[in-house]
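What follows is a single structure, written as structure tokens, with notes after it.
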Amino acid sequence: MTDGLSLPQLASQHGGALDHTLGLVHWLMLILFVGWGCFFAYVLWRFRAKRHPVADHTGVTSHTSTWLEGAVALVEAVLLVGCSIPLWADRVERFPAPADSTRVRVVGEQFAWNIHYPGPDGVFGRTDVKLIDVQANPLGLDRSDPAAKDDVTTINQLHLPVGRPVLVQLTSKDVIHSCALPEMLVKQDLIPGTMIPVWFVRKVTTEEMRQRTGNPEFGYEIACAQLCGLGHYRMRGYMTIHTAEDFQRWMDERQAELSVEPEDAVWQ
Ligand SMILES: [Cu+2]
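Mapped onto the working numbering, the consecutive letters of the sequence shown carry residue numbers 6 to 273.
Here is the structure:
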């Protein structure tokens, strides 16, 4: 239904329903465009000056256009109440259990994405604004907190396993940013002082997408969708979707690096 719209390659579980709604809206708009265009042409012909040399103050007595407008409003109400609201309600009411999910924090800043994994213990370590060091510790992670010992942080590199739900907590250090993952049909603002949860299920690994698109360089992009300052254009991150085994291997490698470099370790 959305083949002609040049949408990004779909790579998430919920994205199909969103694309479907988008397709329905486009069809409705096409029908409206053609319908109202024909109606306009009819009115120009029907009320031409030759036929009505004197203005008629009574105007049209037929109620056809009222019924037509009522029908359009009804279809729009069905799209909103029948498609969009249930889709949204499903997203915000049915969060996956943390135990069954990969959990990660994404902290926006001018102009980078800080990624924070809780590590094998599943607990995010304490962060403190006083410990923030732009180069060495951009998240202000307190490595003396036992829960922070196994935490993994990266900059602009989000690694996730395919298939498993991911629970992302979004926040910002400075201004409002927006985390946009086009292929996942995910877009959510990051607002300083709030922690906004988002979840989605990835269905296609980076490797599969490279084969599907025929582009060996393909990488999922994390774009900032809010004009957040002069460097907004370079606020770009990358998301790599691994198989479960490859993700575990990646996480194990980060854990191994932690044991060598226990203090303030940051990986690019
Ligand atoms: Cu931004």
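Where is the CB? At the ideal position from N, CA and C, for every residue including glycine.
Remember, predicted model here, so these are calculated numbers, not experimental data.
heavy atom of ligand 1 below 6 angstroms from residue i C-beta
i, result
"M240", "yes"
"C184", "no"
"C233", "yes"
"C43", "no"
"C88", "no"
Cα-Cα separation, residue i to residue j
i, j, result
"A230", "K192", "8 angstroms"
"G291", "L73", "A question about residue 291 goes unanswered here, because the residues of the chain that appear run from 6 up to 273."
"F52", "G75", "23 angstroms"
"K178", "L136", "13 angstroms"
"K208", "A46", "48 angstroms"
"S183", "D61", "55 angstroms"
"S290", "L85", "As displayed, the chain neither begins before 6 nor continues past 273, which places residue 290 out of reach and without an answer."
"L235", "S106", "36 angstroms"
"S264", "S11", "46 angstroms"
"L4", "G130", "This structure cannot settle anything about residue 4, because the visible part of the chain is limited to 6 through 273."
"C43", "D95", "39 angstroms"
"V97", "V65", "48 angstroms"
"P151", "L232", "38 angstroms"
"A102", "V39", "47 angstroms"
"V48", "L29", "28 angstroms"
"D24", "Y122", "31 angstroms"
"W50", "H57", "11 angstroms"
"P91", "A141", "44 angstroms"
"D257", "A185", "28 angstroms"
"V180", "F100", "27 angstroms"
"L37", "P202", "37 angstroms"
"W255", "D126", "16 angstroms"
8 angstroms CB neighbourhood of residue i in its chain, flanking five on each side removed
i, result
"G224", "T211, Y243, M244 and T245"
"V206", "S17, Q18, H19, G168, R169, P170 and V171"
"G21", "L15"
"G9", "none"
Cβ shell of residue i (< 7 angstroms), same chain only, five flanking positions each side left out
i, result
"H237", "F116 and C229"
"T132", "L144, G145, L146 and D147"
"S214", "Here residue 214 is Met; the residue named in the question, Ser, does not match the sequence. Same-chain partners within the cutoff: Q14, A16 and F223."
"A153", "G130, R131, L146 and D147"
"K55", "none"
"T7", "D24, L27 and G28"
Contacting residues, own chain, Cβ-Cβ under 6 angstroms from residue i (five flanking each side not counted)
i, result
"C88", "T26"
"T71", "none"
"G113", "S177, H182 and L195"
Closest Cα partner of residue i within the set the options
i, options, result
"F252", "G124, E222, S70 and W118", "G124"
"V139", "D156, N119 and D150", "N119"
"E226", "R56, L190 and A22", "L190"
"E188", "A152, A261, P13 and V203", "P13"
"T69", "L92, K55, A54 and W41", "W41"
"R110", "T63, M200, L92 and P91", "M200"
"E262", "E250, D155, A185 and P202", "D155"
"R108", "S149, V128 and V59", "V128"
"W204", "W93, E250, L37 and D126", "W93"
field: At least 3 beta-carbon pairs within less than 8 angstroms: the region 30 to 37 vs the region 80 to 90
entry: Output reads yes: the region 80 to 90 touches the region 30 to 37.
- prompt: Is the region 234 to 243 in contact with the region 157 to 174, if contact means three or more CB pairs nearer than 8 angstroms?
  reply: Yes: the two stretches touch, three or more of their Cβ pairs being nearer than 8 angstroms.
- prompt: With contact counted as at least three CB pairs below 8 angstroms, one residue from each stretch, are the region 174 to 184 and the region 206 to 223 in contact?
  reply: Touching, no, given that fewer than three Cβ pairs across the two stretches are closer than 8 angstroms.
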